[in-house]
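Asks: Protein chains in written order, with my numbering: chain A, 28 to 274; chain B, 7 to 285. Supplied in structure tokens, the structure appears directly below.
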Amino acid sequence: MSELDAAQRALAAVCLGARVDEAALAALGGDPRRWRLYRDLVRNRLWALALEGLPRTVAAAGVERFGGWFADMLERDPPRTRFARDVAPALAEHIRGAAGDALAAAEPWVSEALAHDVAEHHVGLTADRLDPSRVTDFAMHLPAALDPGHRRLRLRWERVDGEWTERPRALLLHRHPTLHGVEALALSPLAADLLDALDEGTTPATDAVRAVLGRHDVAAGAAFIEGLAALLAELMERGVLVGSRRG
Amino acid sequence: MTAAASARVAGVGLGLRAPLFRDLMTRAPATLRWIEVSPENHIGRGGFFESMLADARGRYPLVTHGISLGLGDREAPPRDFLRALRAFLEEVGSPWHSDHLCFGAVDGAHLHDLLPLPFTEASIRAVVDRVALLEDALGLPIAVENISWYAHPGDAAMGEADFLQEITHRSGAGLLLDVNNAYVNARNHGTDARDFIRRVPADRVVQIHVAGHLTGADGLRIDTHGEAVCDEVYELLALALARTGPVPVLLERDGGFPPFDELAAEIERLDAIVRAAAP
């Protein structure tokens, strides 16, 4: 290993280790306080990105445990992305790998918070969009075309008076078409299933709606038609339903 | 670099940052002439950042400044990133692309900071090779920026000014001279910033960065880009411009955002220094 490699690995070890690597510190030479400053600068920057990107997870798990996952990631599985915005998703992936099964079994609200954070992060930043040449005006006899940047979540847990309580609900996360902020729309169980069916991609919207009606034992009467029209209009206004897929 | 793209970038610029964007587009002083963008903040990103870039591009010439190509990294950046970066640089019409004389990634891990290279022959060779690779991959001239460094790994074989001289001479790279970093380093290491400015290769300077820094309780200066520019840094800028002639000057502000009028006043003060230095 060259001296340049050795110096770089030594400083990385000082910055990323759960504890300061004293041998690496000595190898770097000079005033150890200055190398500890680098450790602080690196960790503070990454910590800020983690907190900003995973706020619900921090709240659900507690800052101390979240900090433990963070330190573990830096030591064993440091971020391999050059994009600062992808540090939080990398930590989310690390948490899933390190503790995902245990969390899902014992504290499903933490897993849910993690999924919610990752979904919101994705919706806020994604550049995914449909090729306009593949989209035409919305028509019920064609498959619906939904903006691929949106995310749908089915959540079970909510903190009520300090206690995690089961309150199943469905959320649609999307980006405002002009202001770009992430917005959340609460969906009824029927609307959530309709959206799942419409997003299937190849089934004509009419058939997708019929299949959901059958499952929900709902008649396609005037009230339903009116509700469906309102839902589709809202989805269009929010930029989630962008038209129909061309054949 | 095309002559037209280079000629459009002159005078004082400001870094494109989301908290500044609205003011930048609605009430920036006329003395603000160009904008610096970091491709890593925009590549593969939609929504507000995509919209902000499009608006800025419609109004100002853009220059790119990278934050992830540590020029002393031992591993070369992946080809898919270089392809995306090249496409971005072509899209915004940058006359050159700059990044830092540092390392930031080790064995695939990105530390997201500017970590110091030793001032040695091995570092020079590594950076010269990397500049050649980047110029070939990106199709644009590369400029290298001096960083704030708080400690030096191992023994230095030369001073920082000689390090910059050797790198720019051997690689042909431009120099993005950060006068705040020069000041921070001089204060932290007990050297003379004016002497440093007098010794850097002035003929290689294509751009200058100016910023504020934090002074800790122990007197250590930390390059934060989160404070106002201090008087000594303005003086260093004047000294640098007297040596380099007219080159574009960028005000960096990445945090602690003040009312925009305060930034506008800094831009005006920088513009006055640039004008005073013009032949």
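No residue lacks a Cβ here, since even glycine has one placed at the ideal position from N, Cα and C. These figures come from a predicted structure and were not determined experimentally.
#1: Could you tell me which chain B residues have their CB closer than 8 Å to the CB of Ser277(A), listed as they occur along the chain?
#2: Looking at the C-beta of Phe94(B), does it have a partner C-beta in chain A at a distance below 8 Å?
#3: Quick one: Cα of Leu52(A) to Cα of Leu38(A), how far?
#4: Just the Cα atoms here: how many angstroms apart are Gly165(B) and Asn152(B)?
#5: Kindly list, in the order they appear in chain A, the residues whose Cβ is closer than 9 Å to that of Phe87(B).
#6: Identify the contact partners of Thr192(A) in chain B, using a Cβ-Cβ distance below 9 Å as the criterion.
#7: Does DSSP put Phe110(A) in a helix, in a strand, or in coil?
#8: If we define contact as Cβ-Cβ less than 8 Å, is Asp119(B) a contact residue for chain A?
#9: In three-state terms, what does DSSP make of Trp155(B)?
#10: Whole angstroms is fine: what's the gap from Ala284(B)'s alpha carbon to Val211(B)'s?
#11: I'd like to know whether the C-beta atoms of Asp229(B) and Val190(B) end up nearer to each other than 8 Å.
#12: By alpha-carbon positions, which one of Gly72(B), Thr126(B), Leu120(B) and Trp155(B) ends up nearest to Leu140(B)?
#13: Rounded to a whole number of angstroms, what is the C-alpha to C-alpha distance between Glu79(A) and Ser215(A)?
#14: Can you name the residues that DSSP bridges to His106(B)?
#15: From the DSSP output, in three-state form, read off Thr37(B) for me.
#16: Cβ of Ala157(B) less than 8 Å from any chain A Cβ?
#17: With respect to the beta strand (DSSP E) encompassing Glu264(B), which residues constitute its N-terminal and C-terminal limits?
#18: Compare the C-beta of Val267(A) with all C-beta atoms of chain B and state if any pair is closer than 8 Å.
#19: Using 8 Å as the threshold, is the C-beta distance between His219(B) and Glu241(B) below it?
#20: Are there three or more Cβ pairs, one per stretch, closer than 8 Å when the region 50 to 57 of chain B is compared with the region 141 to 157 of chain A?
#21: How about Arg66(A): is its C-beta nearer than 8 Å to some C-beta of chain B?
#22: Going by the C-beta, is Met31(B) closer than 7 Å to any heavy atom of the ligand ATP?
#23: For chain A, is any of its Cβ atoms less than 8 Å away from the one on Arg28(B)?
#24: Tell me the DSSP secondary structure of Leu200(A) in three-state form.
#25: Contact check, Gly21(B) vs Arg259(B) under 8 Å by CB: the rounded distance?
#26: So for Val269(A), helix, strand or coil by DSSP?
#27: Go to Gly76(B), then tell me how far its alpha helix (DSSP H) extends in each direction, as first and last residue.
#28: Taking only runs that begin and end inside the region 146 to 216 of chain A, name each unbroken alpha helix (DSSP H) of 4 or more residues, in chain order.
#29: Could you tell me how far apart the beta carbons of Ala197(A) and Ala219(A) are, in whole angstroms, since I believe they sit closer than 8 Å?
#30: Does Glu30(A) come within less than 8 Å of chain B when only Cβ atoms are used?
#31: Decide if Glu81(B) is buried, meaning its Cβ has at least 16 other Cβ atoms within 10 Å, or exposed.
#32: Tell me, to the nearest whole angstrom, how far the beta carbon of Asp33(B) is from that of Phe266(B); I am working on the premise that it is less than 8 Å.
#33: Residues of the region 44 to 56 of chain B in Cβ contact with chain A at a cutoff of 9 Å, in chain order, please.
#34: Mind pulling the chain A residues with CB within less than 9 Å of Pro124(B)?
#35: According to DSSP, what are the bridge partners of Pro231(A)?
Replies: So, to answer that:
#1: The structure shown does not extend to residue 277(A), since chain A is modelled only from 28 to 274, so the question has no answer here.
#2: no
#3: 7 Å
#4: 12 Å
#5: Arg109
#6: Simply none; closest approach about 33 Å.
#7: coil
#8: yes
#9: coil
#10: 15 Å
#11: yes
#12: Gly72(B)
#13: 30 Å
#14: Glu151(B)
#15: coil
#16: yes
#17: Contrary to the premise, residue 264(B) reads as Pro rather than Glu in this sequence. From DSSP, Pro264(B) is part of no beta strand (DSSP E); its letter is neither H nor E.
#18: no
#19: no
#20: yes
#21: no
#22: What this structure holds is no ligand at all, so the ligand ATP is not there to describe.
#23: no
#24: strand
#25: 7 Å
#26: strand
#27: No alpha helix (DSSP H) holds Gly76(B); DSSP gives it neither H nor E.
#28: none
#29: 4 Å
#30: yes
#31: exposed
#32: Reading off the sequence, residue 33(B) comes out as Arg, not Asp. With 8 Å as the limit, Arg33(B) and Phe266(B) qualify as a contact, their Cβ atoms being about 7 Å apart.
#33: Glu46, Asn47, Ile49, Gly50, Arg51, Gly52, Gly53, Phe54, Phe55 and Glu56
#34: Glu30, Leu31 and Ala34
#35: Pro170(A)
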